[in-house]
């Protein structure tokens, strides 16, 4: 009989026993602390088999994978967002707990927080929330400790909610407040933060286990390392959702035959594979891959040293223009006056200011008069100056020879306000750029299929006419996918995004964008944009934006407004009847920790709803960005539909990481469900993205590109 049931009616002794267990988790034990690499659990995050431990991945690591077992499949994306914070998104294909037959999808978000690092005499301790934002089918909380003893890693924890269905103890928190006795069980639309039931419920369960690092295993192909054997006692006593969780408490036909799980896992640092036996009845297979975005950038060879200064140069301005064009830039202006050379360039394939400066300096060095000691570079993107950098020529020469470092060159340089004078605001002759790239669209959680997707080839071109004016457009051809087979939208709001399947079906050959645009500097670090035409695949109209981005400050402010009409489903030149005025006030901030940044917006969205969006992201040395966002508007959760509010995870991957000479970035957005509330217009060139690399923070982060 579970211990908790034998204590009913004697609340004090039960609570004392549970409190003793909690203290035991935190008791110091004597053993030599070691760095322990985490391995994956069946729910995606680092843990034993089903239950989590107090281990974490290295900071920043991203892991994606899948888990297959009887009557359910889990697909997960985990991110070690901070050294002490693990986050995870999970999509489950599971047995329909209402009917006991058929499969449904469920989305969940997990968090795990490190409370204490392991030491020589103390365990590592962590606190976690499972299915913290979702329907609550798998919702549970836990407090867990792990300690290393040579090749053995020992874990002991206490679980609440789904992780407490073993019902070993009464909830120790009921001694603090009677409100912890009851656990609300309203699933609703899903997507809500399950904040009310955290650590609530009359019963909790003990869980724990051991993980053993096996020695090298001999095979006919040689020795193989990286095997881990796992044995756990689970706090989850349910085999499947027929057990009534979270709504039904009687006739629990889905209880597990056993709470003892065990398995064998292998990892080589990139790939993880595991085979587990769970609940006494089910075989489970886990496979995942992970990447460290801080180390994803391939090692770039050091650029050659700058050439020697020329003895004599005739007509240096024209020669320098030719050299810049040969280096892949569009020369806008070259002015040499005494000891100073002022050079304005546009385009180029470098994402970062330092990378552009390094290549410009090498291109012009053989043609600059010997007396020139100061370079003032005007760097332009989309027809507007986004950065102005002054640097001493001798410092660049020394760093390129190895007599100085990129950091020394950074400190010798001065980043000035963009567009502060006539040189920064001068018009150029323009030019044409074009490219072809793949575009991937993903839709998760469709009732008929877990993943809907489409891959298209997109060819785009931009003709800069000078003075910040440009004409741009693209054409797309669908290549593969099943997005077009998605079900029709049931949204009661205007269908501003939820008709994605119909757009995919009727827009097999499409014009995603076709517009005229002007982007220009309006003053020091003040930028403006006006775009008119077919702005994105679903909307056409006029969009205007203003951005103040002081380069020496860690913040920027912007405002945008647009009058748009919905485009026809074939994404060509026709439009539908729906029109809306949309726009936002936005604040951007570089945060002082871990290269984090934040964006906050408030305004009117495409469905006519009013509200705000908060976005938190982290930018890594490779240029990869990972983060999440959430939007709350005045649309009631019941009208919004499944998911209750808009939120998601984004990953932005620079394509030059794959050896492609381009500044393009591939964005991937993972939403639990695609609805119409809280949706923004998606223009091609928002000013923050156009000008961001000209900020002091971005310049500092990319300083190594001076020399590579």
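Numbering (our numbering), first residue to last: 441 to 1148.
Glycine included, every Cβ here is placed at the ideal spot set by N, Cα and C.
Under the three-pair Cβ rule at 8 Å, the stretch 936 to 946 counts as touching the stretch 872 to 883.
In this structure, 572 is the residue among 588, 563, 572, 587 with its C-alpha nearest to the C-alpha of residue 581.
When DSSP reads this structure, residue 751 sits in no beta bridge, so it has no partner. According to the DSSP secondary-structure assignment, residue 1002 is paired through a beta bridge with 983, 1022. Looking at 895, 1051, 894, 910, the one whose alpha-carbon comes closest to that of residue 901 is 910.
Closest option to residue 1071, judged by alpha-carbon separation, among 1054, 1083, 1080, 1062: 1054. Fully contained in the stretch 1041 to 1126 are the following beta strand (DSSP E) runs of length 3 or more, in chain order: 1050 to 1059, 1065 to 1073, 1086 to 1094, 1105 to 1111.
Beta-bridge partners assigned by DSSP to residue 657: 664.
The alpha-carbon of residue 659 is positioned some 11 Å away from that of residue 665. Within the DSSP secondary-structure output, residue 964 pairs in no beta bridge.
DSSP links residue 949 through a beta bridge to 917.
Counting only the Cα atoms, residue 727 lies some 18 Å from residue 890.
If you draw a straight line from the Cα of residue 791 to the Cα of residue 494, it comes to about 38 Å. Counting only residues of its own chain and dropping the five nearest sequence neighbours on each side, residue 982 has a CB closer than 6 Å to the CB of 972, 1003.
With fewer than 16 neighbouring CB atoms inside 10 Å of its own CB, residue 872 falls in the exposed class. Each of 839, 823, 813 was checked against the Cα of residue 830, and the nearest Cα belongs to 813. With respect to the C-alpha of residue 1124, the residue from 843, 978, 643, 678 having the closest C-alpha is 978. Inclusion of residue 933 and residue 1047 in the CB contact set at 9 Å is warranted, their separation being smaller than that value. If you compare the alpha carbons of 522, 1135, 545 with that of residue 854, the shortest gap goes to 1135. The shortest CA-to-CA distance from residue 1119 to any of 770, 868, 1051 is the one to 1051. Counting along the chain, the unbroken beta strand (DSSP E) around residue 897 starts and ends at 889 to 906. Non-local C-beta neighbours of residue 785 in its own chain, meaning closer than 8 Å and more than five positions away in sequence, comprise 764, 769, 770, 771, 772, 796, 800, 817, 818, 819, 820, ordered along the chain. Judged by DSSP secondary structure, residue 761 falls within the alpha helix (DSSP H) whose first and last residues are 756 to 766. In the DSSP assignment, residue 817 is bridged to 783, 829. Under the DSSP definition of a beta bridge, residue 790 lacks any partner. One alpha carbon belongs to residue 662, the other to residue 654, and they sit about 16 Å apart.
Under the three-state reduction of DSSP output, residue 799 falls in the helix class. Residues of the same chain with a CB within less than 8 Å of the CB of residue 759, apart from the 5 flanking positions on each side, are 753, 807 in chain order. For residue 1012 and residue 898, the gap between their C-alpha atoms comes out near 14 Å. In this chain, the beta strand (DSSP E) harbouring residue 769 covers 769 to 777. Selection 721, 1076, 995, 1033 evaluated against residue 1060 yields 1033 as nearest (Cα-Cα). Taking a contact as a CB-CB distance under 8 Å, the pair residue 953 and residue 918 does not count as one, their CB atoms being some 16 Å apart.
Between residue 1140 and the set 947, 849, 729, 620, the nearest pair of CA atoms involves 849.
Just so you know, the alpha carbons of residue 778 and residue 811 end up roughly 7 Å apart. Residue environment analysis places residue 987 among the buried positions, since at least 16 neighbouring C-beta atoms fall within 10 angstroms of its C-beta.
When DSSP states are grouped into helix, strand and coil, residue 575 belongs to the coil group.
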